[in-house]
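Written out below as structure tokens is the structure these notes cover.
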Amino acid sequence: GLVWAKGTKYQNVRALMPYYPAFAYVTVLASSPVKTLKDLDGKKLGVGPRGGTPQTQFPFIFDILGVKPNYVLGTFADVQSQLKDGLIDGVAYMAAHPYAAQIELEATNPARLIPPDAATVDTFIKKFPFFSKAVMPAGSYKSVTVDMPTVAVWMYFVANKSMPDSLAYEITKASFDHVD
Numbered sequence: 055g056l057v058w059a060k061g062t063k064y065q066n067v068r069a070l071m072p073y074y075p076a077f078a079y080v081t082v083l084a085s086s087p088v089k090t091l092k093d094l095d096g097k098k099l100g101v102g103p104r105g106g107t108p109q110t111q112f113p114f115i116f117d118i119l120g121v122k123p124n125y126v127l128g129t130f131a132d133v134q135s136q137l138k139d140g141l142i143d144g145v146a147y148m149a150a151h152p153y154a155a156q157i158e159l160e161a162t163n164p165a166r167l168i169p170p171d172a173a174t175v176d177t178f179i180k181k182f183p184f185f186s187k188a189v190m191p192a193g194s195y196k197s198v199t200v201d202m203p204t205v206a207v208w209m210y211f212v213a214n215k216s217m218p219d220s221l222a223y224e225i226t227k228a229s230f231d232h233v234d
């Protein structure tokens, strides 16, 4: 395991089904001088709560870039408020789209999404093959006017491997029977 699970093997689990891809990007206000992830060196970056996907995974992306942001922890509502107030420079997300926090931000503040560049994505995926190349489609948010290449990780429904096959089947079937 990595980060909070460092050194621990979780072998008594099984993935029942993938739920959604979580896309990696940083949101900045449209007026921000930050244009690339490298521009965040030494800047304040909200990464959500301790142990969340952005807080645990974005440091790996920034290590590849040789960038050291000053990470700010808090709920996404807190770090988004800090972004709006100019107290931090950006907010890192690894989320599905549409993500309510991003929609809410863009309803009141012009914003830009900054994904990792192609070379960083390639290096990151070689080091962490459970991530993959992804494209956030144009129109996902107001600020995404063209398809946006990035990196994503799939979120899975995980259960203990001792779960009876019949229950695993029923949960998976119910999920697919009720896709909205």
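Take the working numbering: the final residue in the sequence shown is number 234, and no numbers are missing along the way.
Heads up, the beta-carbon is just placed ideally off N, CA and C, and yes, glycines get one too.
Rounding to the nearest angstrom, what Cα-Cα distance links residue i and residue j in this structure?
i: T81; j: R166; result: 6 Å
i: D234; j: G96; result: 42 Å
i: K122; j: V133; result: 18 Å
i: K187; j: K181; result: 13 Å
i: S135; j: P183; result: 34 Å
i: G128; j: E224; result: 37 Å
i: A172; j: P108; result: 19 Å
i: A150; j: T62; result: 27 Å
i: G100; j: F112; result: 11 Å
i: A222; j: Q65; result: 17 Å
i: Y79; j: L91; result: 9 Å
i: V88; j: T174; result: 17 Å
i: A154; j: G106; result: 17 Å
i: V67; j: F185; result: 19 Å
i: T204; j: D117; result: 17 Å
i: M190; j: P152; result: 10 Å
i: Y147; j: F230; result: 27 Å
Tell me which residue opens and which closes the beta strand (DSSP E) that residue i is part of.
i: F230; result: Premise fails: F230 lies in the alpha helix (DSSP H), 219-231, not in any beta strand (DSSP E).
i: N235; result: This structure gives no information on residue 235, because the portion of the chain shown stretches from 55 to 234.
i: V189; result: 185-190
i: L91; result: It is not in any beta strand (DSSP E) - L91 carries neither H nor E in the DSSP assignment.
i: G105; result: It is not in any beta strand (DSSP E) - G105 carries neither H nor E in the DSSP assignment.
Based on the DSSP output, what are the partners of residue i in its beta bridges?
i: A69; result: V212
i: Y195; result: Note: Y195 sits in no beta bridge, so no partner.
i: F77; result: A149, A206
i: K98; result: N124
i: V82; result: R166
Entirely within the segment 114-171 and at least 3 residues each: give me those beta strand (DSSP E) ranges in chain order. 124-126, 144-149, 165-168
Between the segment 203-212 and the segment 66-73, are three or more C-beta pairs nearer than 8 Å? yes
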